[in-house]
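Here the structure is laid out as C-alpha coordinates; the discussion comes afterwards.
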Amino acid sequence: MYKKISASLAVLLLVTGCAGMSSGISVGEEDIKSTQIQGVVDEILAARKTVDTAGMELIVGKQLLRNQAQFAVIRILFNQIVIDKNFTISDSDVAARRGDVINQVGGLDRLEPALVSANLAASTFDEYLRILIIVDRLNESFISSGIPEALVSQEVSKTLVATAEKLGVEVNPKYGTWNPITAAIEASDVTDGAVTPLP
(Lines of atoms letter the chains of each structure in order from A and count residues from 1; the text may use other names and numbers.)
(Lines give C-alpha, C1' and ligand atoms only; values in the text may rest on other atoms or scores of the structure.)
Protein backbone atom coordinates (compact mmCIF):
# COMPACT_ATOMS: atom_id res chain seq x y z
CA MET A 1 0.00 0.00 0.00
CA TYR A 2 2.81 2.41 0.89
CA LYS A 3 4.46 1.76 -2.47
CA LYS A 4 1.17 2.45 -4.28
CA ILE A 5 0.69 5.74 -2.43
CA SER A 6 4.29 6.76 -3.11
CA ALA A 7 3.90 5.92 -6.78
CA SER A 8 0.65 7.91 -7.01
CA LEU A 9 2.25 10.88 -5.26
CA ALA A 10 5.22 10.75 -7.61
CA VAL A 11 2.89 10.79 -10.63
CA LEU A 12 0.92 13.70 -9.16
CA LEU A 13 4.08 15.72 -8.56
CA LEU A 14 5.26 14.97 -12.08
CA VAL A 15 1.98 16.10 -13.61
CA THR A 16 1.70 19.27 -11.53
CA GLY A 17 5.36 20.02 -12.12
CA CYS A 18 4.89 19.82 -15.87
CA ALA A 19 1.79 22.01 -15.66
CA GLY A 20 3.72 24.60 -13.69
CA MET A 21 6.49 24.70 -16.26
CA SER A 22 4.06 25.21 -19.14
CA SER A 23 1.87 27.81 -17.43
CA GLY A 24 2.55 31.41 -18.29
CA ILE A 25 -0.22 33.66 -17.03
CA SER A 26 -3.84 33.22 -16.01
CA VAL A 27 -6.36 36.05 -16.08
CA GLY A 28 -9.83 35.01 -15.01
CA GLU A 29 -10.62 31.87 -16.99
CA GLU A 30 -8.13 32.60 -19.77
CA ASP A 31 -4.70 30.98 -19.73
CA ILE A 32 -1.67 31.93 -21.81
CA LYS A 33 1.05 29.28 -21.95
CA SER A 34 4.73 30.06 -21.53
CA THR A 35 5.33 28.72 -25.03
CA GLN A 36 2.96 31.33 -26.45
CA ILE A 37 4.77 34.16 -24.69
CA GLN A 38 8.14 32.75 -25.70
CA GLY A 39 6.92 32.50 -29.29
CA VAL A 40 6.23 36.24 -29.37
CA VAL A 41 9.63 36.96 -27.82
CA ASP A 42 11.31 34.78 -30.46
CA GLU A 43 9.42 36.67 -33.18
CA ILE A 44 10.63 40.01 -31.81
CA LEU A 45 14.24 38.80 -31.62
CA ALA A 46 14.08 37.44 -35.17
CA ALA A 47 12.69 40.74 -36.48
CA ARG A 48 15.58 42.64 -34.90
CA LYS A 49 17.98 40.81 -37.20
CA THR A 50 16.23 42.18 -40.29
CA VAL A 51 16.49 45.91 -39.55
CA ASP A 52 19.12 48.43 -38.49
CA THR A 53 18.68 48.69 -34.72
CA ALA A 54 21.30 51.39 -34.17
CA GLY A 55 20.00 53.97 -31.72
CA MET A 56 17.01 51.88 -30.67
CA GLU A 57 16.34 51.30 -26.97
CA LEU A 58 15.67 47.57 -27.09
CA ILE A 59 14.89 45.46 -24.05
CA VAL A 60 16.32 41.96 -23.71
CA GLY A 61 16.36 38.87 -21.52
CA LYS A 62 14.05 38.76 -18.51
CA GLN A 63 12.82 42.27 -19.16
CA LEU A 64 11.63 41.35 -22.66
CA LEU A 65 9.92 38.21 -21.34
CA ARG A 66 8.20 40.21 -18.60
CA ASN A 67 7.21 42.90 -21.10
CA GLN A 68 5.44 40.38 -23.31
CA ALA A 69 3.79 38.63 -20.36
CA GLN A 70 2.52 42.04 -19.23
CA PHE A 71 1.20 42.74 -22.73
CA ALA A 72 -0.72 39.46 -22.65
CA VAL A 73 -2.27 40.38 -19.29
CA ILE A 74 -3.19 43.88 -20.42
CA ARG A 75 -4.77 42.58 -23.62
CA ILE A 76 -7.10 40.29 -21.67
CA LEU A 77 -7.97 43.01 -19.15
CA PHE A 78 -8.84 45.57 -21.81
CA ASN A 79 -10.95 43.03 -23.70
CA GLN A 80 -12.91 42.50 -20.48
CA ILE A 81 -13.30 46.27 -20.12
CA VAL A 82 -14.83 46.35 -23.61
CA ILE A 83 -17.44 43.86 -22.40
CA ASP A 84 -18.04 45.68 -19.11
CA LYS A 85 -18.39 49.08 -20.78
CA ASN A 86 -20.40 47.69 -23.70
CA PHE A 87 -17.97 49.16 -26.22
CA THR A 88 -17.91 48.01 -29.84
CA ILE A 89 -14.51 47.72 -31.52
CA SER A 90 -14.77 46.56 -35.13
CA ASP A 91 -12.14 45.20 -37.51
CA SER A 92 -12.58 48.36 -39.56
CA ASP A 93 -11.74 50.45 -36.49
CA VAL A 94 -8.48 48.52 -36.10
CA ALA A 95 -7.75 48.77 -39.84
CA ALA A 96 -8.27 52.54 -39.73
CA ARG A 97 -5.91 52.90 -36.76
CA ARG A 98 -3.37 50.72 -38.56
CA GLY A 99 -3.53 53.10 -41.52
CA ASP A 100 -3.01 56.09 -39.22
CA VAL A 101 0.06 54.49 -37.63
CA ILE A 102 1.55 53.55 -41.00
CA ASN A 103 1.18 57.16 -42.12
CA GLN A 104 2.74 58.40 -38.88
CA VAL A 105 5.83 56.20 -39.25
CA GLY A 106 6.35 57.23 -42.86
CA GLY A 107 4.85 54.39 -44.87
CA LEU A 108 4.45 50.63 -44.88
CA ASP A 109 8.16 50.03 -45.46
CA ARG A 110 8.89 51.84 -42.19
CA LEU A 111 6.42 49.82 -40.15
CA GLU A 112 8.71 46.89 -39.33
CA PRO A 113 11.54 49.08 -37.97
CA ALA A 114 8.94 51.00 -35.95
CA LEU A 115 7.61 47.78 -34.43
CA VAL A 116 11.14 46.60 -33.62
CA SER A 117 11.93 49.93 -31.99
CA ALA A 118 8.76 49.67 -29.88
CA ASN A 119 9.56 46.07 -28.84
CA LEU A 120 6.38 44.88 -30.53
CA ALA A 121 5.78 41.73 -32.58
CA ALA A 122 4.04 42.00 -35.93
CA SER A 123 1.67 39.21 -34.86
CA THR A 124 0.40 41.25 -31.89
CA PHE A 125 0.29 44.62 -33.67
CA ASP A 126 -3.48 44.53 -34.25
CA GLU A 127 -4.02 43.64 -30.58
CA TYR A 128 -1.88 46.64 -29.64
CA LEU A 129 -3.96 48.88 -31.93
CA ARG A 130 -7.13 47.53 -30.38
CA ILE A 131 -5.85 48.47 -26.93
CA LEU A 132 -5.14 52.01 -28.15
CA ILE A 133 -8.70 52.28 -29.44
CA ILE A 134 -10.12 50.98 -26.16
CA VAL A 135 -8.10 53.55 -24.21
CA ASP A 136 -9.43 56.28 -26.51
CA ARG A 137 -13.00 55.11 -25.89
CA LEU A 138 -12.39 55.07 -22.14
CA ASN A 139 -10.95 58.58 -22.29
CA GLU A 140 -13.99 59.83 -24.19
CA SER A 141 -16.33 58.10 -21.74
CA PHE A 142 -14.67 59.61 -18.68
CA ILE A 143 -14.52 63.10 -20.17
CA SER A 144 -18.18 62.96 -21.17
CA SER A 145 -19.04 61.95 -17.59
CA GLY A 146 -17.44 65.15 -16.30
CA ILE A 147 -14.01 63.93 -15.24
CA PRO A 148 -11.31 66.57 -15.95
CA GLU A 149 -9.05 65.63 -18.85
CA ALA A 150 -6.00 65.88 -16.58
CA LEU A 151 -7.38 63.05 -14.42
CA VAL A 152 -8.53 60.75 -17.21
CA SER A 153 -5.35 58.66 -17.34
CA GLN A 154 -5.71 57.98 -13.61
CA GLU A 155 -9.26 56.75 -14.17
CA VAL A 156 -8.08 54.42 -16.93
CA SER A 157 -5.48 52.99 -14.55
CA LYS A 158 -8.09 52.57 -11.81
CA THR A 159 -10.36 50.73 -14.24
CA LEU A 160 -7.53 48.42 -15.24
CA VAL A 161 -6.64 47.67 -11.61
CA ALA A 162 -10.29 47.03 -10.71
CA THR A 163 -10.73 44.70 -13.68
CA ALA A 164 -7.61 42.75 -12.72
CA GLU A 165 -8.89 42.43 -9.16
CA LYS A 166 -12.27 41.21 -10.39
CA LEU A 167 -10.86 38.59 -12.77
CA GLY A 168 -7.84 37.53 -10.73
CA VAL A 169 -4.35 37.37 -12.19
CA GLU A 170 -1.73 34.66 -11.70
CA VAL A 171 1.77 34.96 -13.14
CA ASN A 172 4.52 32.38 -13.50
CA PRO A 173 7.33 33.53 -11.15
CA LYS A 174 9.83 33.40 -14.01
CA TYR A 175 8.21 36.57 -15.37
CA GLY A 176 8.24 38.37 -12.05
CA THR A 177 5.73 39.21 -9.33
CA TRP A 178 2.22 40.48 -9.94
CA ASN A 179 1.49 43.79 -8.22
CA PRO A 180 -2.29 44.13 -7.81
CA ILE A 181 -1.98 47.79 -6.82
CA THR A 182 -0.50 48.80 -10.17
CA ALA A 183 -1.78 45.88 -12.28
CA ALA A 184 1.78 45.23 -13.42
CA ILE A 185 4.32 42.44 -13.41
CA GLU A 186 7.38 43.60 -11.51
CA ALA A 187 10.87 42.12 -11.48
CA SER A 188 11.31 39.63 -8.64
CA ASP A 189 14.98 40.62 -8.54
CA VAL A 190 15.34 44.40 -8.34
CA THR A 191 18.55 44.16 -10.40
CA ASP A 192 16.74 41.96 -12.96
CA GLY A 193 19.62 39.50 -12.81
CA ALA A 194 22.27 42.13 -13.45
CA VAL A 195 23.90 41.47 -10.07
CA THR A 196 24.76 37.97 -8.87
CA PRO A 197 25.00 37.52 -5.08
CA LEU A 198 28.33 36.36 -3.68
CA PRO A 199 28.39 32.69 -2.57
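One point on numbering: in full-length UniProt numbering, the residue at position 198 of the sequence shown is 198, and numbering is uninterrupted.
A virtual CB, placed ideally from N, CA and C, is assigned to each residue, including glycine.
Between which two residues does the beta strand (DSSP E) containing residue 182 stretch?
-> In the sequence shown, the residue the question calls residue 182 occupies position 182. Here residue 182 belongs to no beta strand (DSSP E), and DSSP marks it neither H nor E.
Quick one: is residue 176 buried, meaning 16 or more other Cβ sit within 10 Å of its Cβ, or exposed?
-> One-based indexing of the sequence shown puts residue 176 at position 176. The residue is buried, with at least 16 neighbouring Cβ atoms inside 10 Å.
For residue 188, which three-state DSSP category applies?
-> In the sequence shown, counting from the first residue as 1, residue 188 sits at position 188. Residue 188 falls in the coil class under three-state DSSP.
Anticipated Cβ contact below 8 Å, residue 41 with residue 65, distance rounded | For the purposes of this step, residue 41 is taken as residue 41 along the sequence shown, with counting starting at 1. For the purposes of this step, residue 65 is taken as residue 65 along the sequence shown, with counting starting at 1. Correct: roughly 6 Å between the Cβ atoms.
Element boundaries [alpha helix (DSSP H), containing residue 127] | Within the sequence shown, the letter at position 127 stands for residue 127. 125-144 is the span of the alpha helix (DSSP H), which, as asked, contains residue 127.
7 Å Cβ shell around residue 149 - same chain, five flanking residues per side excluded = One-based indexing of the sequence shown puts residue 149 at position 149. Excluding sequence neighbours, residue 149 sits near 143.
Beta bridge counterpart(s) of residue 31 as assigned by DSSP | Within the sequence shown, the letter at position 31 stands for residue 31. According to DSSP, which records beta bridges pairwise, residue 31 is partnered with 26.
Hey, how far is the Cα of residue 32 from the Cα of residue 182?
-> In the sequence shown, the residue the question calls residue 32 occupies position 32. In the sequence shown, the residue the question calls residue 182 occupies position 182. Cα to Cα, residue 32 sits roughly 21 Å from residue 182.
Between residue 96 and residue 168, what straight-line distance do the alpha-carbon atoms span, to the nearest angstrom?
-> The residue labelled residue 96 in the question sits at position 96 within the sequence shown. The residue labelled residue 168 in the question sits at position 168 within the sequence shown. C-alpha separation (whole angstroms): 33 Å.
Is it true that the CB of residue 101 sits closer than 8 Å to the CB of residue 73?
-> Your numbering for residue 73 matches position 73 in the sequence shown. Your numbering for residue 101 matches position 101 in the sequence shown. No.
Every unbroken alpha helix (DSSP H) within the stretch 33-58, with a cutoff of 4 residues, ordered by chain = 34-48
Under three-state DSSP, which class holds residue 60?
-> Position 60 of the sequence shown holds residue 60. In this structure, residue 60 counts as coil in the three-state DSSP scheme.
Who are residue 177's beta bridge partners in DSSP?
-> As a position in the sequence shown, residue 177 is number 177, starting the count at 1. 186.
Contact belief for residue 152 with residue 172 at Cβ below 8 Å, rounded distance in angstroms = The residue given as residue 152 occupies position 152 in the sequence shown. The residue given as residue 172 occupies position 172 in the sequence shown. 33 Å between Cβ atoms; not a contact.
Environment of residue 121 [buried if 16+ CB atoms lie within 10 Å] = Taking the first residue of the sequence shown as 1, we reach residue 121 at position 121. Result: buried.
By how many angstroms is the C-alpha of residue 163 removed from the C-alpha of residue 155?
-> Sequence index remark: in the sequence shown, residue 155 carries index 155 (1-based). Sequence index remark: in the sequence shown, residue 163 carries index 163 (1-based). Straight-line Cα distance between these residues: approximately 12 Å.
For residue 149, the first and last residue of its enclosing beta strand (DSSP E) = Within the sequence shown, the letter at position 149 stands for residue 149. That residue, residue 149, is in no beta strand (DSSP E); it is neither H nor E in DSSP.
Do you know offhand how far residue 39's Cα is from residue 146's?
-> The residue labelled residue 39 in the question sits at position 39 within the sequence shown. The residue labelled residue 146 in the question sits at position 146 within the sequence shown. Approximately 43 Å, taken between the alpha carbons.
Contacts around residue 49, its chain only, beta-carbon distance under 7 Å, and the 5 residues preceding and following it disregarded | Position 49 of the sequence shown, counted from the start, is the residue given in the question as residue 49. There are no such residues.
When DSSP builds the beta bridges, which residues end up paired with residue 170?
-> For the purposes of this step, residue 170 is identified with residue 170 of the sequence shown, where counting begins at 1. According to DSSP, which records beta bridges pairwise, residue 170 is partnered with 26.
For residue 111, which residues from the same chain have a beta carbon less than 7 Å from its beta carbon, with the 5 sequence-adjacent residues on both sides left out?
-> Within the sequence shown, residue 111 is the residue found at index 111, counting from 1. Same-chain partners within the cutoff: 102, 105.
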